[in-house]
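Protein chains in written order, with the working numbering: chain A, 23 to 701; chain B, 33 to 413. Glycine included, every Cβ here is placed at the ideal spot set by N, Cα and C. Report on the structure given below.
See the structure below:
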């Protein structure tokens with residue numbers, strides 16, 4: 023009975039194999055061949071996994087897979103499998119792990135068999151005389167299957183190969199394998215003859231590289247999509263640039279060589295570049311890093327006497343881009359060049375490279391200072407920053423009639439695009455910190471509040487219908503906005519709302535002004551008509567607090583979902599903070615109601631708003647600090663004493679050290695390795 | 033079993049053997065023709081030989097395509113240059129040869145001992161601080177520079193001809209596929225590609241090499257461009273450089289500052305240099321989100337970087353505008369990495385250790401632009 027169950031389990035492992043195992047890929051020898059020791063370890067491990075498999079493996083996966091079992095002995099496998107099934111269906115989350123592990127192990131086994139199947143068989147039969155293991159052996163994937171797969175793979179490869187051979191008649195019937203191979207050999211020979219120079223290269227004979235040197239060089243520069251330069255460290259003289267500099271900076275190579283790099287760097291970046299060119303010996307920080315990285319140190323030339331040699335550099339700087347077409351003769355070709363001359367343009371380049379020293383005699387033959395036998399230089403490849411190249415197109419995205427604003431979740435402006443000024447008349451600082459509801463027309467409040475509420479709960483962008491926004495001059499401008507809430511990718515909480523606002527119709531403000539002022543008059547009349555000024559005040563208080571109300575709704579709903587401790591401080595503090603702000607706003611409606619002299623009023627209005635900044639600012643802080651604070655406390659407790667206490671350099675060092683630990687996330691690999699040895 | 037049948041069986045056996053022998057001979061010839069170190073040749077099995085041959089032919093096709101185009105370009109260029117003047121003409125006379133030798137002449141001409149120590153292309157590859165990969169749009173890696181070994185532990189011969197999907201993190205496959213896609217517009221940046229992927233790495237950070245099966249993942253920044261080669265068998269490839277994202281070689285100069293963030297990107301620490309650059313005091317940044325510091329139009333850039341950080345553990349932000357206190361903004365780029373709790377040497381912990389914080393190095397790329405312009409609440413005092 024026990025044996026039957028096991029059979030089921032093992033045969034299912036084949037199903038798994040078919041399910042998870044990708045078609046076997048050829049691997050190079052280093053991995054396909056292993057020592058007998060590792061092989062037996064693998065086998066033992068495999069057996070182990072098989073035994074534990076039935077209890078923690080997600081059954082339903084396999085129900086449809088029975089047909090695809092290797093069908094060498096269907097009579098044996100399927101019935102047992104069916105019998106094993108009921109025991110096996112125990113949906114267990116942990117099941118996924120062993121399965122994958124298993125399929126991986128199995129794949130490895132198959133790869134092994136390609137090389138030394140017989141040997142392995144022998145090994146197994148020697149090491150296992152136990153009944154169970156013999157059973158397992160019987161259920162190993164049949165040889166014919168493996169062979170078939172191997173053949174299939176070869177055929178695919180040969181097909182691919184035949185596609186690469188320049189055939190005289192591509193439509194001809196499929197060539198047989200041997201012919202394809204022979205033709206490939208011929209083709210290779212032809213290629214070799216064609217490129218004889220690179221093949222007979224002395225470098226090639228010594229240490230053949232897959233590609234001829236200059237091809238590779240070309241490939242590197244194409245892939246990097248940048249240009250190369252060598253600059254001497256002491257004076258910043260450009261010793262070499264690749265020709266591709268023409269493409270990026272529009273200077274010819276000859277123009278640059280021998281010149282000082284600093285003439286081509288943005289004046290404000292000169293100090294930055296100088297710093298990078300200075301010997302790293304001055305920066306113990308950096309030397310330490312190199313000493314610790316392990317990976318980085320490997321490519322340092324051994325026994326480098328110069329401390330700076332091999333030290334890596336990675337920095338950004340702005341370099342001059344010549345718009346003019348170089349020489350004077352060109353004016354005839356490009357009549358527009360005088361105009362272009364004025365627009366001195368810089369592009370941001372990212373330079374990566376390392377320090378290197380050359381005997382100065384070779385490099386700098388005409389150089390007068392021969393007292394130092396070695397000249398240290400920076401060898402770097404510069405890539406024009408891709409985003410920089412796209413910059414114009416990015417700017418275009420926002421049309422001139424559009425502007426971007428950002429609200430806190432309670433509707434207060436926290437970011438205002440400068441274009442808003444031309445549309446609305448307010449300076450950003452006048453808007454910042456005030457609630458957007460103060461500027462909405464009363465008729466739209468309902469709709470906008472609804473949209474606000476919706477956008478806080480939605481991940482989608484939501485389009486408002488068109489609404490009226492009060493400009494600085496008291497008139498209204500028709501806007502339509504697209505709102506979306508920015509959700510922090512980590513906390514999944516809404517941080518703020520981004521609004522892209524579109525002015526409906528160009529010049530709308532001007533044409534609309536008379537009518538809107540009329541409308542405003544009507545409005546003011548209406549507010550006057552309502553008995554008592556207090557009603558006017560209440561509407562304004564209402565307008566300002568709509569946002570906070572909506573925000574509180576969200577916070578409340580969040581608090582319900584979250585732990586009670588995190589929310590305790592936030593709901594009570596903001597209202598307290600808000601009360602002075604509300605009272606200060608109570609003055610503004612009076613200004614509006616009278617509405618006689620807009621200029622002076624707007625001045626006082628902005629002043630009163632200025633008074634609110636402080637209040638709203640602190641409010642924002644209190645609203646935000648609880649999550650920030652708590653996380654900070656957590657971090658401190660985990661990191662230990664706050665890094666702020668440390669000196670500047672120590673802190674920087676700490677950052678680097680911590681980065682080193684994360685580098686490559688290789689912890690796993692080490693652990694695995696250890697395990698191999700311990701077994 | 034008749035003797036006739038037996039005879040036929042033997043005959044077919046014989047024929048098959050002969051066929052196999054011929055095949056092996058051809059394959060041996062083929063391997064001889066491949067530019068590989070002779071020590072490696074006997075180790076290659078048949079599929080590997082074919083795989084490498086295919087890669088070799090493909091990269092050759094690609095390069096000859098380049099050469100053709102370049103020649104055309106150069107000819108066009110030469111024409112324009114010839115009109116330009118004596119200096120240029122003189123230089124041009126050397127033609128192609130000059131192009132080939134350009135590096136040699138300037139970079140260490142005739143210095144054999146240097147060459148022995150470090151070949152010319154090693155220099156190019158070392159400057160990159162990474163390796164070069166050529167991938168077809170189907171995902172076959174047709175070429176990898178041999179210095180991949182330094183970074184990933186895997187060798188050129190091992191990887192060439194294989195699919196990139198076999199050696200990269202499954203979660204990144206979609207992104208890779210998108211980047212290999214010919215039609216992917218990439219927001220109008222032409223054929224430029226810039227993305228992060230995790231690749232198998234068999235070198236531990238202690239420098240030890242482990243088995244491929246227990247390989248870890250290493251985050252690589254891949255930047256490159258799309259190349260279409262139409263001559264002969266059409267071949268579309270993406271050429272890119274892969275650079276491990278280690279900030280360790282960064283020389284912390286005056287235009288950078290380091291900071292720590294909680295996982296939601298709020299500052300938990302910031303070094304003093306930020307004051308000189310952005311005018312914020314480190315202590316007033318504590319608890320402030322980086323999203324509050326950036327220009328709203330660059331929100332997407334930062335979100336993408338943050339997502340990369342969450343999923344891959346390291347990221348490069350790309351260029352964005354960081355708001356300066358008191359008005360204006362500066363262009364910046366941030367390189368960041370998640371720092372996890374150093375795991376106790378406990379093997380078989382499949383789940384990653386909990387993240388502690390995010391460490392960032394921010395490079396300031398420009399001066400203050402539009403210094404009078406206040407944009408956000410955070411810029412005001």
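Using a Cβ-Cβ distance cut-off of 8 angstroms, determine whether residue i contacts chain B.
i: residue 474/A; result: no
i: residue 207/A; result: yes
i: residue 508/A; result: yes
i: residue 437/A; result: yes
i: residue 278/A; result: no
i: residue 402/A; result: yes
i: residue 500/A; result: no
i: residue 477/A; result: no
i: residue 455/A; result: yes
i: residue 232/A; result: yes
i: residue 581/A; result: no
i: residue 180/A; result: yes
i: residue 196/A; result: no
Is the Cβ of residue i closer than 8 angstroms to any Cβ of chain A?
i: residue 47/B; result: no
i: residue 323/B; result: yes
i: residue 54/B; result: yes
i: residue 155/B; result: yes
i: residue 168/B; result: no
i: residue 34/B; result: no
i: residue 342/B; result: yes
i: residue 51/B; result: yes
i: residue 306/B; result: no
Does the beta-carbon of residue i have 16 or more other beta-carbons within 10 angstroms, so that it is buried, or is it exposed?
i: residue 45/B; result: exposed
i: residue 511/A; result: buried
i: residue 25/B; result: Any answer about residue 25/B is impossible in this case: the structure gives chain B only from 33 up to 413.
i: residue 319/B; result: buried
i: residue 277/B; result: buried
i: residue 359/B; result: buried
i: residue 208/A; result: exposed
i: residue 184/B; result: buried
i: residue 537/A; result: With a pLDDT of 43 at residue 537/A, under the threshold of 50, the predicted position of this residue should be treated as unreliable, and no value is reported.
i: residue 170/A; result: exposed
i: residue 332/B; result: exposed
By the criterion of Cβ-Cβ separation under 9 angstroms, what are the contact partners of residue i in chain A?
i: residue 229/B; result: Here the premise fails: no neighbours, minimum Cβ distance about 13 angstroms.
i: residue 256/B; result: 244, 245, 246, 247
So which residues on chain A does residue i lean against when the C-beta distance must stay under 7 angstroms?
i: residue 161/B; result: 334, 374
Run through DSSP, which three-state label would residue i get?
i: residue 327/B; result: coil
i: residue 489/A; result: strand
i: residue 401/A; result: strand
i: residue 292/B; result: strand
i: residue 514/A; result: coil
i: residue 504/A; result: strand
i: residue 335/A; result: strand
i: residue 165/A; result: helix
Identify the contact partners of residue i in chain B, using a Cβ-Cβ distance below 9 angstroms as the criterion.
i: residue 571/A; result: Within 9 angstroms Cβ-Cβ: nothing; residue 571/A doesn't reach chain B, min ~20 angstroms.
i: residue 517/A; result: 296, 321, 323, 324
Report the neighbours of residue i on chain A: residues whose CB is nearer than 8 angstroms to its CB, in chain order.
i: residue 405/B; result: 440, 450
i: residue 78/B; result: 176
i: residue 188/B; result: 232
Please list the partners that residue i has in chain B, where partner means a Cβ-to-Cβ separation under 8 angstroms.
i: residue 340/A; result: 397, 398
Counting only beta-carbon atoms, is residue i nearer than 8 angstroms to chain D?
i: residue 38/B; result: The question asks about chain D, but that chain is absent: this structure's protein chains are A and B.
(Q) Which runs of the alpha helix (DSSP H) at least 4 residues long sit entirely within the region 168-229 of chain B? Give them in chain order. (A) 180-184, 188-191, 205-212
Any beta strand (DSSP E) of 3 or more consecutive residues that is wholly inside the region 403-479 of chain A: 424-430, 435-438
What residue ranges within the region 337-411 of chain B form continuous beta strand (DSSP E) runs of no fewer than 3 residues, ordered along the chain? Within the region 337-411 of chain B, the complete beta strand (DSSP E) runs of at least 3 residues fall at 346-355, 361-372, 387-396.
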